[in-house]
Ligand code: NAD
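Residue numbers (this note's numbering): -18 to 451.
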């Protein structure tokens, strides 16, 4: 669980990287990844990897993040299996060329939109869902017919090693490669020519990625994070609200990009909500969550120190215990948190939930709009009018009422951010969009030359016709 492993010994020799990329580019150029049969076969092979190698992946996730096998299934392995199944079911229809109408002036002719793969894509993944966030983008890259290089996070070294070992064993090694390592390896990778870069992680590195992409005019998808607020209105069922917030916040010990970052408790809801949050934590993880098999650990000492420094930002209403040796931080609720407290300065990305009091919905909306556009905005309300106002007056990657986090499990909802929370989106059909170019195809027969009217010399008659037609 320490950072030293990956930083001190690079796992892929950086001098080998240009050759790996060349091989992937050559494989794409050969056309082997274009037939839908190849794509299906690779997706099925990836599915087999996820089921047959499940114990290895579960062990790696346990070592990196203390993830329980059930959480490993619901948020990572099973999640990607579902993504594959959904993709296999719908891929043919997503790839089918779409006919579009042709203007009168060009008739008779046919026009259609045809998807083509981009080429060789780079997927840079973070440590918090190291299987999901490496392989779900890979599903899209393969489905769209690309070759792909995955760079897992060095901060989840066991999972990175497992992916580096397993992917070549199960998938077409000419078309899919893994490069392990940290900054030196990523820097060398970003110097290479890719046709798309899909980056998941923090905004600071996203800027490095985008700057590097300029060199080859490479399009980027940036899946970033930020502070996702949860608005709680008076009158809602606070016990259910608290359980759902606790579930969304404390899964993976809060290290989830779409975890509710903080609560905006409207009117008089704060006291009751804080009590219910404390009760929900006990109900889920017992009196001592460190003994719960369902509760994870912080990824490393650096993040542990960052998080424990935030505990003084308010009054500890629940949790607060921590142990550096085991990287444990209890599921924590902070009450009485001022809007300018340190815990409100940056994405928390850990099991600390501040509750901020706001007088009314307008104040909550103003609070959200004064800050960066979040990856997700959550609201717990019984009012359709509140839902309408939040939908119309705020901007976020996603907006969910009554349930945090789970929108990303709806395959046909594109998943992505806006503004500081990212650009571009993926999952299911949106992944095929992201990893494809939509080529416009116009097809006009040479048999009858209906274009004569447009050719010079332009007579008065031609002019009248052209002015009427166009
Ligand atoms: P991280 O430290 O693992 O970094 C992400 C990737 O960037 C890693 O593969 C890392 O090696 C690479 N990297 C680091 N420095 C680099 C450099 N200088 N040049 C090129 N690559 C470099 O993960 P992180 O950034 O700490 O991840 C947490 C952040 O990611 C949070 O902000 C979280 O909200 C966000 N996140 C977003 C999503 C999403 O889907 N939108 C999902 C998970 C996490």
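By construction, the Cβ of each residue, glycine as well, lies at the ideal position given by its N, Cα and C atoms.
Check, Outcome
"Validate contact between the stretch 421 to 441 and the stretch 130 to 147 using beta carbons, cut 8 Å, 3 pairs", "no"
"Beta-ladder partner(s) of residue 97, from DSSP", "418"
"Alpha carbon of residue -16 to alpha carbon of residue 263, nearest angstrom", "Interpretation of residue -16 is limited by its pLDDT of 36, a score under 50 that renders its predicted location unreliable; no figure is taken from the coordinates."
"Boundaries of the alpha helix (DSSP H) in which residue 252 is found, first to last residue", "251 to 266"
"Expected contact under 8 Å - CB spacing of residue 311 and residue 301 to nearest Å", "6 Å"
"Any 3 or more C-beta pairs closer than 8 Å across the stretch 339 to 354 and the stretch 205 to 213", "yes"
"N- and C-terminal bounds of the beta strand (DSSP E) containing residue 237", "First-last for residue 237: undefined, no H or E at that position."
"Pairwise C-alpha distance: residue 260 and residue 467", "Outside the shown range of the chain, which is -18 to 451, sits residue 467, and nothing can be said about it."
"Identity of the residues DSSP links to residue 23 by a beta bridge", "None, per the DSSP bridge assignment."
"Coil, strand or helix - residue 210 by DSSP", "strand"
"Three-state secondary structure (DSSP) of residue 110", "coil"
"Candidates 380, 203, 84, 7: closest to residue 155 by CA position", "7"
"Under 8 Å between C-beta atoms of residue 409 and residue 55", "no"
"Member of 243, 274, 91, 319 whose CA lies at the smallest distance from the CA of residue 81", "91"
"Residue 99 beta carbon less than 8 Å from that of residue 17", "no"
"Straight-line Cα distance separating residue 44 from residue 122", "28 Å"
"Backbone CA spacing between residue 40 and residue 84 [nearest angstrom]", "59 Å"
"Three-state secondary structure (DSSP) of residue 330", "coil"
"CA-to-CA distance, residue 375 to residue 399, given in whole angstroms", "12 Å"
"Three-pair Cβ contact test at 8 Å for the stretch 26 to 33 versus the stretch 145 to 165", "yes"
"Cα-Cα separation, residue 450 to residue 86", "6 Å"
"Touching by the beta-carbon criterion (3+ pairs, under 8 Å), the stretch 274 to 282 and the stretch 234 to 246", "yes"
"Same chain, Cβ closer than 6 Å to residue 203, five either side skipped, listed in chain order", "180, 187, 403, 404"
"Simplified DSSP assignment, three categories, for residue 388", "helix"
"Residues that residue 173 bridges to, as DSSP identifies them", "For residue 173, which the question treats as bridged, DSSP gives no partner whatsoever."
"Counted within 10 angstroms of its Cβ, other Cβ atoms place residue 79 as buried (16 or more) or exposed", "exposed"
"Near the ligand NAD: residue 462 beta-carbon under 7 Å from a heavy atom", "No statement about residue 462 is possible, as the shown extent of the chain runs from -18 to 451 and does not include it."
"Residues sharing a beta bridge with residue 304, DSSP", "309"
"For residue 407: DSSP bridge partner residues", "396"
"Alpha-carbon to alpha-carbon, residue 437 and residue 446", "13 Å"
"Local Cβ density within 10 Å of residue 293, reported as buried at 16 or more and exposed below that", "exposed"
"Residue -8 (DSSP reduced to helix, strand or coil)", "coil"
"Residue 64 CB to nearest heavy atom of the ligand NAD below 7 Å", "no"
"Cβ-based burial, residue 176 [other Cβ within 10 Å; buried from 16]", "buried"
"C-alpha distance - residue 328 paired with residue 432, whole-angstrom precision", "59 Å"
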